[in-house]
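Residue numbers (our numbering), protein chains in the order written: chain A, 1 to 220; chain B, 1001 to 1220.
Protein chains: 2
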Amino acid sequence: MASEAIENYLKAIYSLSRESPTGEAGMKAIATLTGVTVGTASTMVKRMAGAKLAKYERFGGVRLTARGERAAIDVQRRHRLIETFLVETLKLDWSIVHAEAERLEHAISSVVLEALDIHLHHPSVDPHGDPIPGPDGKIRTERGAALSTFAPGSKIRVARITDQGPAFLSFIAEHGLRPGTKAIVAATESAAQSITVHASGYAAVTMAVAAAESIICESA
Amino acid sequence: MASEAIENYLKAIYSLSRESPTGEAGMKAIATLTGVTVGTASTMVKRMAGAKLAKYERFGGVRLTARGERAAIDVQRRHRLIETFLVETLKLDWSIVHAEAERLEHAISSVVLEALDIHLHHPSVDPHGDPIPGPDGKIRTERGAALSTFAPGSKIRVARITDQGPAFLSFIAEHGLRPGTKAIVAATESAAQSITVHASGYAAVTMAVAAAESIICESA
DNA sequence: CAGGTAAGTTTGAATCGTCAAACTTTTTGG
DNA sequence: CCAAAAAGTTTGACGATTCAAACTTACCTG
Ligand SMILES: [Mn+2]
Ligand SMILES: [Mn+2]
Ligand SMILES: [Mn+2]
Ligand SMILES: [Mn+2]
């Protein structure tokens, strides 16, 4: 099995290459996401290439091999099931579970994981709305567009939150913006680079368009 | 915080010195319990002494400092609460949970731990009958005597199992011998070094006296 | 008490993961 | 096209944890 460190690199490379148009991750981004210096990331990626988990050439981008990708998805499944458990069963606040899962994901065995999955009745998304990969590594495709792309008057449903920071999560939850809630885009103000959203039963909230990029929604 | 390795040494020294008459643990025993060579144990204990977690002198026994003991008890609390959770909530078999908890105990934060404690309604013993230390480090004293010390005809109640091996645990569970069950000592045969126990609703079972040392019971 | 055995210690080496700092290559904006 | 800037690579070092093997001390047994 991959070490805890390697598992973190796998996740980082996986999610970075996911959102990059080239399908490759840069060293700098890998280093930042894993909280390590660029030199360290470079060294470790080379080691991962030796272990047939990643593929890269000097000064070129990094991508995972099939083996590496599968391993990354496994870690992601563990992470998301654990987050779901922490919120659903232990009633922890969704704003803190990401950090907790970051450590537990490396210590849980597949026996415990599958028991957790059964206990939670095979959830399909985690508390942030991210899809939970199946035990076979299959992931349901994610739909939706950033809140920032909706026009005033749009009726939306929050699908996912891509910023896992506790402060942001707490802030938006106070205004009802959690995965599943419905809301209306009340206004956009291009001069102020702001967008105002109103979830029924909550006070309307105005936030920067940049912040609204982290809220993925569907038309509703 | 202590590293995962150090936490394992802490637990080993703690439980060994607990059961030793001198209150000290030997290097050989520490090494065996942690699955490491004696040289490594020696090196690590010296390091722990430097960190004021253990106290020892060359060629003398090892004991924990107050700080070390407190840290060891914390790990034990985590271990036992996790075991309880795995059995009670996730319905895993008690014969395997020890090994699982051995890894998870190092990854769980106090926030998650206390949430687990609440979810389980503050259990006082783990699935093997071992007491769960309180968050303050207090441990209820353990009563009972080894099954091997009871005379034929004794009515007993199983209190704890001190052998955490899956094979032994599965074996005795098949004969109803879990913490809490009542049974009668049907016979002892000194020539065969055996003892026969009968739990109501189960077939009587004969085992070596040495094996019966691992089953702690009270008169009932 | 004298050996012999068991227990404990030291040393030298290896692996893993990391950093800082020097260096190299690529990219980018005039 | 060309000089900074950004990105990436290497090297040397370090701390943590471990092993094997040589060595030392303590404990027992006849
Ligand atoms: Mn992690
Ligand atoms: Mn999540
Ligand atoms: Mn452990
Ligand atoms: Mn136990």
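Where a beta carbon is used, it is the ideal one built from N, C-alpha and C, also for glycine.
Delimiting residues of the beta strand (DSSP E) encompassing residue i
i, result
"residue 6(A)", "Unbroken run through residue 6(A) is the alpha helix (DSSP H), 4-19; no beta strand (DSSP E)."
"residue 210(A)", "From DSSP, residue 210(A) is part of no beta strand (DSSP E) but of the alpha helix (DSSP H) over 209-212."
"residue 1102(B)", "Counting along the chain, residue 1102(B) falls outside any beta strand (DSSP E), though it belongs to the alpha helix (DSSP H) covering 1097-1104."
"residue 216(A)", "215-219"
"residue 1189(B)", "1182-1189"
"residue 36(A)", "Here residue 36(A) belongs to no beta strand (DSSP E), and DSSP marks it neither H nor E."
"residue 121(A)", "Unbroken run through residue 121(A): none, as it is neither H nor E."
"residue 1054(B)", "1054-1056"
"residue 155(A)", "155-161"
"residue 108(A)", "That residue, residue 108(A), is in no beta strand (DSSP E); it is neither H nor E in DSSP."
"residue 198(A)", "194-199"
Same chain, Cβ closer than 7 Å to residue i, five either side skipped, listed in chain order
i, result
"residue 1080(B)", "1126, 1130 and 1132"
"residue 78(A)", "105, 108 and 113"
"residue 1075(B)", "1007, 1010, 1011 and 1105"
Contacting residues, own chain, Cβ-Cβ under 6 Å from residue i (five flanking each side not counted)
i, result
"residue 1073(B)", "1133 and 1137"
"residue 1004(B)", "1106"
Residues of its chain near residue i, where Cβ-Cβ distance is below 8 Å and the 5 sequence neighbours each way are ignored
i, result
"residue 62(A)", "13, 17, 24, 25, 26, 27, 30, 45, 54, 55 and 56"
"residue 142(A)", "130, 131, 159, 160 and 216"
Beta-carbon proximity of residue i to residue j, cut-off 8 Å
i, j, result
"residue 159(A)", "residue 218(A)", "yes"
"residue 197(A)", "residue 185(A)", "yes"
"residue 48(A)", "residue 96(A)", "no"
"residue 1195(B)", "residue 1148(B)", "yes"
"residue 1182(B)", "residue 1220(B)", "yes"
"residue 176(A)", "residue 202(A)", "yes"
"residue 116(A)", "residue 71(A)", "no"
"residue 161(A)", "residue 128(A)", "yes"
"residue 1065(B)", "residue 119(A)", "no"
Rounded straight-line distance, which links the Cα of residue j to that of residue i
i, j, result
"residue 98(A)", "residue 1036(B)", "34 Å"
"residue 157(A)", "residue 1101(B)", "40 Å"
"residue 174(A)", "residue 216(A)", "17 Å"
"residue 1008(B)", "residue 1034(B)", "7 Å"
"residue 1067(B)", "residue 1083(B)", "25 Å"
"residue 1058(B)", "residue 1020(B)", "19 Å"
"residue 178(A)", "residue 205(A)", "13 Å"
"residue 1193(B)", "residue 1146(B)", "15 Å"
"residue 40(A)", "residue 32(A)", "11 Å"
"residue 1169(B)", "residue 1042(B)", "32 Å"
"residue 51(A)", "residue 1051(B)", "36 Å"
"residue 172(A)", "residue 93(A)", "13 Å"
"residue 1085(B)", "residue 1124(B)", "12 Å"
"residue 1022(B)", "residue 1167(B)", "31 Å"
"residue 1001(B)", "residue 1069(B)", "14 Å"
"residue 1144(B)", "residue 135(A)", "45 Å"
"residue 87(A)", "residue 180(A)", "15 Å"
"residue 1190(B)", "residue 1163(B)", "23 Å"
"residue 1110(B)", "residue 1187(B)", "47 Å"
"residue 1103(B)", "residue 103(A)", "11 Å"
"residue 1200(B)", "residue 1211(B)", "20 Å"
"residue 140(A)", "residue 60(A)", "30 Å"
The alpha helix (DSSP H) enclosing residue i, as first and last residue numbers
i, result
"residue 1067(B)", "1066-1088"
"residue 1170(B)", "1166-1174"
Any non-hydrogen atom of ligand 5 within 7 Å of residue i CB
i, result
"residue 1047(B)", "Ligand 5 is absent from the structure shown, which contains only ligand 1, ligand 2, ligand 3 and ligand 4."
Residues whose Cβ lies closer than 6 Å to any heavy atom of ligand 3, in chain order: Working through the chain, the matches are 1008(B), 1102(B), 1105(B) and 1106(B).
Residues passing the C-beta test against ligand 2 heavy atoms, cut-off 7 Å: Near ligand 2, meaning a beta-carbon closer than 7 Å to one of its heavy atoms, we find 79(A), 80(A), 83(A), 98(A), 126(A), 127(A), 128(A), 130(A) and 164(A).
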